[in-house]
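Engineer:
Numbering (the working numbering), first residue to last: 15 to 167.
Right, dumping it as C-alpha cells:
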C-alpha cells in the first residue's frame with residue numbers, strides 16, 4: 015500500500031510540475047506579445063518559452079535515444095522546412111499569383127509563421143536534445159557506479 019501512495023504522490027507532483035511549466039510558458043508568451051519577436055529580448059523570451067514547453071513535453075522520457083531523435087529531427091526539420099519554403103512555396107506563389115503575390119497579407123503571415131517556427135523551435139529542440147541526452151547519460155553512469163560500489167562491498 016505504501017508503494018501505491020508513493021506512486022500517486024509522484025504522479026501528483028509530476029502533474030503539478032507540468033502545470034507550473036505550462037503556466038510559465040503562457041506567461042512568457044504574453045510577455046512576447048508585448049515585447050515582440052523583432053528584437054533580441056523577444057527572441058530570448060521566445061527561446062525560453064519554447065524550452066519550457068519542450069521540457070513539459072519530454073519530462074517523462076527516460077531513453078537517451080528519444081533525445082537524440084529530437085536533436086536529429088530539429089536539425090533536419092529546419093533544413094527541410096527552409097528548403098520547402100524557398101524552393102517550393104515561394105516559386106509556386108510567384109507562379110500562381112504573379113509577382114505581387116509575395117507582397118500579399120496571407121503570404122506575409124505564412125512567412126512570419128515559418129520563420130518563427132525555424133527561429134524558435136530549431137535551436138531549442140537541439141538544446142533540449144543535447145541537454146536531455148547528456149543528463150540521462152550522466153545519471154545512468156552515476157547509477158551504474160553506485161550499483162558497482164554497493165555490489166562490491
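Just so you know, even glycine gets a beta-carbon here, dropped at the ideal spot from N, CA and C.
1. Are the beta-carbon atoms belonging to residue 67 and residue 60 less than 8 Å from one another?
2. Can you give me the Cβ contacts of residue 143 inside the same chain, cut-off strictly under 7 Å, excluding the 5 residues immediately before and after it?
3. Between the C-alpha atoms of residue 25 and residue 79, what's the straight-line distance to the nearest angstrom?
4. Between which two residues does the alpha helix (DSSP H) holding residue 113 run?
5. Suppose you measure from the CA of residue 74 to the CA of residue 134; what does that come to, to the nearest Å?
6. From the DSSP output, in three-state form, read off residue 77 for me.
7. Checking 8 Å against the spacing of the C-beta atoms, do residue 96 and residue 132 come in under that value?
8. Quick check on residue 56: does DSSP put it in helix, strand or coil?
9. Are the CB atoms of residue 70 and residue 36 within a distance shorter than 8 Å?
10. Rounded to whole angstroms, how far is the Cβ of residue 65 from the Cβ of residue 138, which I believe are closer than 8 Å?
11. Write down the C-beta distance between residue 104 and residue 116 rounded to the nearest angstrom, noting that I regard them as a contact closer than 8 Å.
12. By DSSP, does residue 153 sit in helix, in strand, or in coil?
Structural biologist: Considering the structure as presented:
1. Here the question's residue 67 lines up with position 53 in the chain shown. Here the question's residue 60 lines up with position 46 in the chain shown. No.
2. Residue numbering aside, residue 143 sits at position 129 when the chain shown is read from its first letter. Here the set comprises 81, 82, 84, 85 and 88.
3. Along the chain shown, one-based indexing puts residue 25 at 11. Along the chain shown, one-based indexing puts residue 79 at 65. The pLDDT assigned to residue 25 is 49, lower than 50, so where the model puts this residue is not dependable; a value taken from the coordinates is nonetheless given after this. Rounded to the nearest angstrom, the two C-alpha atoms are 24 Å apart.
4. In the chain shown, residue 113 corresponds to position 99, counting from 1. In the DSSP assignment, residue 113 falls outside any alpha helix (DSSP H), carrying neither H nor E.
5. Taking the chain shown and counting its residues from 1, the one referred to as residue 74 is at position 60. Taking the chain shown and counting its residues from 1, the one referred to as residue 134 is at position 120. Rounded to the nearest angstrom, the gap between the Cα atoms of residue 74 and residue 134 is 22 Å.
6. Translated into positions along the chain shown, residue 77 becomes position 63. Three-state result, residue 77: coil.
7. For the purposes of this step, residue 96 is identified with residue 82 of the chain shown, where counting begins at 1. For the purposes of this step, residue 132 is identified with residue 118 of the chain shown, where counting begins at 1. At a Cβ-Cβ threshold of 8 Å, residue 96 and residue 132 count as neighbours.
8. The count along the chain shown starts at 1 and reaches residue 56 at position 42. Correct three-state label for residue 56: helix.
9. On the chain shown, residue 36 is found 22 positions in, with the first residue counted as 1. On the chain shown, residue 70 is found 56 positions in, with the first residue counted as 1. Yes, Cβ-Cβ distance for residue 36 and residue 70 is below 8 Å.
10. Residue 65 sits at position 51 when you count from the first residue of the chain shown. Residue 138 sits at position 124 when you count from the first residue of the chain shown. Contact holds; Cβ gap of about 5 Å.
11. Here residue 104 is taken as the residue at index 90 of the chain shown, counted from 1. Here residue 116 is taken as the residue at index 102 of the chain shown, counted from 1. With a contact defined as Cβ atoms closer than 8 Å, residue 104 and residue 116 qualify at about 7 Å.
12. For the purposes of this step, residue 153 is taken as the residue at position 139 of the chain shown. The answer is helix: DSSP assigns residue 153 an H, G or I state.
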